[in-house]
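Chemist: Sequence order for the protein chains is G and A. The numbering used here applies: residue 1 is where the first sequence begins, and numbers increase by one. The numbering used here applies: residue 503 is where the second sequence begins, and numbers increase by one. Even glycine gets a Cβ: it sits at the ideal position worked out from N, Cα and C. Quick one: the structure is below, and I'll ask about it shortly.
2 protein chains.
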Amino acid sequence: MHTVRDPLARGALIARDRPAVLCGNTVLRYRDLAERVRRLGNALASLGLQAGDRVAIIANNCHRYVETYLAVPGSSFVLVPLNTRSAPAEIAFALQDAGVRVLLTDRPAASYDDLVERVIRLPDGYEDLLERTPPAPLPNEPNEHDIAGLFYTGGTTGRSKGVMLTHRNLIANAITALAWTRMTEDDRWLVMAPMFHAAGTCCVLTCCWLGASQVMLPSFTPEGALDLIETTHATGTLAVPTMLNAMNQVQAEKPRNVASLRMLSHGASPAPLEILRRAHVLFPNAELLHLYGTTETSPIATTFPHEERHLDDRLAGSAGQPALGVDVAALGPDGIPLPPGEVGEIAVRGNNVMAGYWQLPEEDAKALRGGWYHTGDLGFLTDDGYLFLVDRLKDMVVTGGENVYTVEVEDALYRHPAVAEAAVFGIPDERWGEAVHAVVVLRHPATEEELCEHLRGIIAGYKIPKRIDLRTEPLPKSGAGKILKRELREPFWVGRSTRIGN
Amino acid sequence: MHTVRDPLARGALIARDRPAVLCGNTVLRYRDLAERVRRLGNALASLGLQAGDRVAIIANNCHRYVETYLAVPGSSFVLVPLNTRSAPAEIAFALQDAGVRVLLTDRPAASYDDLVERVIRLPDGYEDLLERTPPAPLPNEPNEHDIAGLFYTGGTTGRSKGVMLTHRNLIANAITALAWTRMTEDDRWLVMAPMFHAAGTCCVLTCCWLGASQVMLPSFTPEGALDLIETTHATGTLAVPTMLNAMNQVQAEKPRNVASLRMLSHGASPAPLEILRRAHVLFPNAELLHLYGTTETSPIATTFPHEERHLDDRLAGSAGQPALGVDVAALGPDGIPLPPGEVGEIAVRGNNVMAGYWQLPEEDAKALRGGWYHTGDLGFLTDDGYLFLVDRLKDMVVTGGENVYTVEVEDALYRHPAVAEAAVFGIPDERWGEAVHAVVVLRHPATEEELCEHLRGIIAGYKIPKRIDLRTEPLPKSGAGKILKRELREPFWVGRSTRIGN
């Protein structure tokens, strides 16, 4: 019976004069945040939006993002957060696929204006709208089974898919986060992962429910993150490993006072143990807490509290144990959970599992068969429930916390007339965890730069291969004519464990 | 989608070798607890019980009580915990009203044998049964909307009522408790309130979900409680104010090492501020946390964390703010929430509110009208959500944490041939918070002792008036002939605030 409305309603009652969001020089108390959320919900309704209509946002982290995250589902509209790094063609696809009516954005991109009925510019257009709208109670009371948002992720079929998360899904994650954050109204949660990712909004509802504060980092830099920890006395945060690595380096060179930080959680991609060991030394008061999950699981599926105690024992590199309220299993080919230690496809069950993919019932049938969400990750569970991931079923590269589906990059390469064959895969990379790598056979001459330039118009920058290896020999193929990517990939991974830590 | 099964399933996975229950010299690890719970569920099924059948327990706190609390609803049977202090007639009523098939009890009471199909004696009969039954998976998977238990409370109509709490209700309270206990697997929760009350079982599911330990105090004595805090390094507990008062006295006289105690929560009846001030001095590491609730609300409705910071400010004596996931309002006579500061009937809404009273649809209609549970308490909320209770609508005395409905005591008195008129009400009492007091007009001579002896066969000892004031003059009455209890009650309360702190 809970919806996205409830956490802020409680926060605004029990902590009305406490800081809700710290964003640059702006401090919103809970009463201010609640008032602005009411104004925004009513402003959107006054534009003619009906319950169920889609509202997209493309913006850096800021208090207005928090307001949008709360007001849109809180008014029974459907939030569509889009990646600021997506290419124009990708954004256009998502806006049209979702049937977005209104877009909020801090980008100058006039090109979106033709794709939606209305663009609201942050901050000025947004502030004008709020000022003109009275803070009446939010319109359209939502139901727990309503869709709260469509969260676009890369897809194995070369197009991105809108993950439908219901109010109940987001509330389930907020309850899970209660357990692993152990947050109180005295906490200050630093939001440094981008809010268009689940990692950025993972604790918004939990903070509101408890009356805790959120500190906004508009766009990640290690200096910016460390400065905010020092100046706001932030007590917790969630990083992706590339952020952690960068923070380690800067903190070692020019230490800030990070004594306030009691929880340094991380997830979304593999974290080398050495990065964690250094983080434990450099952030000595912080519990390291490993999180694993997917957009489809709202997102948290497993948690590993006090990971810093296990960096050199049998649990090192584990993704932790099933989060509170979440079932996790390694399934065999028959869809039955395997005994401890046996490798299968990691699957997740619980109130946190998505309702399905937007208008893709055939994808739902695959992803949600047998009542489990199939993550596409391969791994095993120990008999005390620790998850170890060993590989991926889906052909996906995780680079700096972003998922890149290789088929999408291959499709984009094939659209260049010179490309005869293309294979894309991940190779080890010290900075990004994995780097996107391509092997291309040309049908007529072209340079690596030409191919990259071609890709830039079609896919986001982070999806573009860091290196394209141009060949003249045909790629190795199976008897059925399928390119044997594993053979191309293997030489890069020799001597490295395929076990990954996320 | 969560049921009473889920918390132990997680505890047994993530904390299988950690202590789940400490009870005398017995230490059950989570794997032991889970195995015993599976044996018990299957043993009950092997006796012929079907999903929905009722199983009662009358016993002191012990690990077998925890097992029963988890196994009975976990196997889709319905738990009926009965008050060990109830009179035989009261127990007979509840067993018959609920249609109990099996009774588990540590009492010698052979008299129950005729009232149920089967009595299982603790500990021997129980242990025999477990030993004979294999620890197969629990039978009968429950649904979240199934009734998990019938919790008998005194009733305004002179008979007790079975409060139907569903799996979802109990899980909602477990989620609420996550927020206010901030428990981790390193915690040890001392269970000193009797487990037939919601105060005793308030944190069972939360402990299991997180893999925390529970420490059993079979029957409360202040020495026993303090010794257990010292020897087990208990980190938290829930007391009723009479317990707190007794513990204060003993701790002042003969201090134990109570440094481990970080949370001292209390509820169920008014706590004089002086008791709280002393507790803060005597348990200096403990956060005082005030809880308010009712059996019908599973039980927690409001929470007041760090109450020790507010014993001398405007919030002193408040019952705190709405618990996470719970709505609380003061309703006017029209059933509409009143503005802050206005006194109305306190009402509660949320996933924690009971499904209704067992086979009393007309009581449900009254108690649950308008989508709110009506507590019968009068009070107001401040504009920042702090609840202050000022009086009771229901004619009820709260004595030592037990609710006594005065009409029930009056009915029992009227069943004595010498009683012409009887009025029962609460008067201030230093030890019990309130004491049950009676004023009786006799039709022919009888002594106070005779009347008490008469009552002992009918109602529980704690319901029997501490004093019976025998009069010959008729009692004051309204124009309609109703006894004016308020006139009789007032002289005892002169100079005291009617504001109560629970």
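Going by the CB atoms, is the gap between Leu542/A and Glu569/A shorter than 8 Å?
Modeler: It is a contact, given that the beta carbons lie within the stated cut-off.
Chemist: Give the straight-line distance between the Cα atoms of Arg248/G and Leu264/G, rounded to the nearest whole angstrom.
Modeler: The sequence given here has Asn at residue 248/G, not Arg. When rounded, the distance between both Cα atoms is 12 Å.
Chemist: For the segment 156-181 of chain G, which residues have a CB atom closer than 8 Å to at least one CB atom of chain A, in sequence order?
Modeler: Under the 8 Å Cβ criterion, the segment 156-181 of chain G contributes Ile175, Leu178 and Ala179.
Chemist: Residues in the same chain with beta-carbon distance under 7 Å from Gly224/G, minus the five sequence neighbours each way, listed in chain order, please.
Modeler: Contacts found: Leu217.
Chemist: If we require 3 or more residues per run, which beta strand (DSSP E) segments fall completely within the segment 204-244 of chain G?
Modeler: Runs found: 213-216 and 236-239.
Chemist: From the DSSP output, read off the bridge partner residues of Gly379/G.
Modeler: Per DSSP, Gly344/G and Leu389/G.
Chemist: Using a beta-carbon distance below 8 Å, is Gly834/A in contact with chain G?
Modeler: Chain G, which has no Cβ nearer than 8 Å to the Cβ of Gly834/A, makes this no.
Chemist: Scan the segment 916-988 of chain A and note each continuous alpha helix (DSSP H) run of 4 residues or more that stays entirely inside, going in chain order.
Modeler: Counting whole runs of 4 or more residues, the segment 916-988 of chain A contains the alpha helix (DSSP H) stretches 950-958.
Chemist: Using the beta-carbon count (16 or more within 10 Å), is Asp377/G buried or exposed?
Modeler: Asp377/G should be labelled buried.
Chemist: Here's the rule I'm using: 16 or more other beta-carbon atoms within 10 Å means buried, otherwise exposed. How should Ile464/G be labelled?
Modeler: Buried, by the Cβ-count rule.
Chemist: By a C-beta neighbour count over all protein chains shown, 10 Å radius and 16 as the cutoff for buried, is Thr733/A buried or exposed?
Modeler: Exposed.
Chemist: Alpha carbon to alpha carbon, how far is Pro474/G from Ala177/G? Give it in angstroms, no decimals.
Modeler: Computed Cα separation, rounded: 50 Å.
Chemist: Which residues in chain A have a C-beta closer than 9 Å to the C-beta of Ile300/G? List them in chain order.
Modeler: Ordered by position in chain A, no residue passes the 9 Å Cβ test against Ile300/G, which lies about 14 Å from the chain.
Chemist: Could you tell me the alpha carbon to alpha carbon distance between Met697/A and Asn562/A, rounded to whole angstroms?
Modeler: Rounded to the nearest angstrom, the two C-alpha atoms are 7 Å apart.
Chemist: Are the segment 773-784 of chain A and the segment 808-825 of chain A touching, with three or more C-beta to C-beta distances below 8 Å?
Modeler: The segment 773-784 of chain A, when compared against the segment 808-825 of chain A, does touch it at the 8 Å Cβ threshold.
Chemist: Given a cut-off of 8 Å on the beta-carbon distance, is the pair Tyr875/A and Ala857/A in contact?
Modeler: No. Outside cutoff.
Chemist: Would the segment 288-306 of chain G count as touching the segment 247-262 of chain G if we require 3 or more Cβ pairs under 8 Å?
Modeler: Segments in contact, no.
Chemist: Tell me which same chain residues have a C-beta within less than 7 Å of the C-beta of Arg533/A, skipping the five on either side of it?
Modeler: So the list reads Ala514, Arg518 and Asp519, once near-sequence residues are dropped.
Chemist: Does Ala268/G come out as helix, strand or coil in the three-state DSSP assignment?
Modeler: It is coil, neither helix nor strand.
Chemist: Fully enclosed by the segment 32-92 of chain G, which alpha helix (DSSP H) runs are 4 residues long or longer?
Modeler: The qualifying runs are 63-74.
Chemist: With 16 as the cutoff for other CB atoms within 10 Å, does Gln598/A come out buried or exposed?
Modeler: With fewer than 16 Cβ atoms within 10 Å of its Cβ, Gln598/A is classed as exposed.
Chemist: Within its chain, find whatever has a CB closer than 6 Å to the CB of Cys207/G; leave out the 5 residues flanking it on each side and keep chain order.
Modeler: Around Cys207/G: Trp189 and Gln214.
Chemist: Can you give the beta carbon distance from Ala422/G to Glu410/G, rounded, assuming they're within the 8 Å contact cut?
Modeler: That belief holds up - the Cβ atoms of Ala422/G and Glu410/G are roughly 5 Å apart, short of 8 Å.
Chemist: Assign Ile275/G to one of three DSSP states: helix, strand, or coil.
Modeler: It is helical.
Chemist: Strictly under 8 Å for the Cβ-Cβ distance: is Leu515/A near chain G by that measure?
Modeler: Cβ-Cβ to chain G under 8 Å: yes for Leu515/A.
Chemist: At 4 residues or longer, and completely inside the segment 138-202 of chain G: list those alpha helix (DSSP H) runs for me, N to C.
Modeler: Within the segment 138-202 of chain G, the complete alpha helix (DSSP H) runs of at least 4 residues are 167-181 and 198-201.
Chemist: Ile838/A: buried (16+ other C-beta within 10 angstroms of its C-beta) or exposed?
Modeler: So Ile838/A counts as exposed.
Chemist: Roughly how many angstroms separate the alpha carbons of Thr723/A and Cys564/A, rounded to a whole number?
Modeler: Approximately 15 Å, taken between the alpha carbons.
Chemist: Kindly list, in the order they appear in chain A, the residues whose Cβ is closer than 8 Å to that of Trp505/G.
Modeler: Since the first residue shown for chain G is 1 and the last is 502, residue 505/G is missing from the structure and cannot be characterised.
Chemist: Closer than 8 Å, CB to CB, is Gln823/A near chain G or not?
Modeler: Cβ-Cβ to chain G under 8 Å: yes for Gln823/A.
Chemist: Do the segment 984-997 of chain A and the segment 942-957 of chain A touch if we need at least three Cβ pairs shorter than 8 Å?
Modeler: Counting Cβ pairs under 8 Å, fewer than three are found: no touch.
Chemist: Tell me the DSSP bridge mates of Leu28/G?
Modeler: Paired residues: Val21/G.
Chemist: Going by DSSP, which residues form a beta bridge with Met503/A?
Modeler: DSSP output for Met503/A lists no bridge partner at all.
Chemist: Beta-carbon of Trp209/G versus every beta-carbon of chain A: anything under 8 Å?
Modeler: Yes - at least one Cβ of chain A is within 8 Å of the one on Trp209/G.
Chemist: Can you tell me whether Gly1003/A is buried or exposed? The criterion is at least 16 other CB atoms within 10 Å of its CB, across all chains shown.
Modeler: Any reading at Gly1003/A is ruled out, since the residue's pLDDT is 33, under 50, leaving its predicted position unreliable.
Chemist: Within 10 angstroms of its Cβ, does Ser111/G collect 16 or more other Cβ (buried), or is it exposed?
Modeler: With fewer than 16 Cβ atoms within 10 Å of its Cβ, Ser111/G is classed as exposed.
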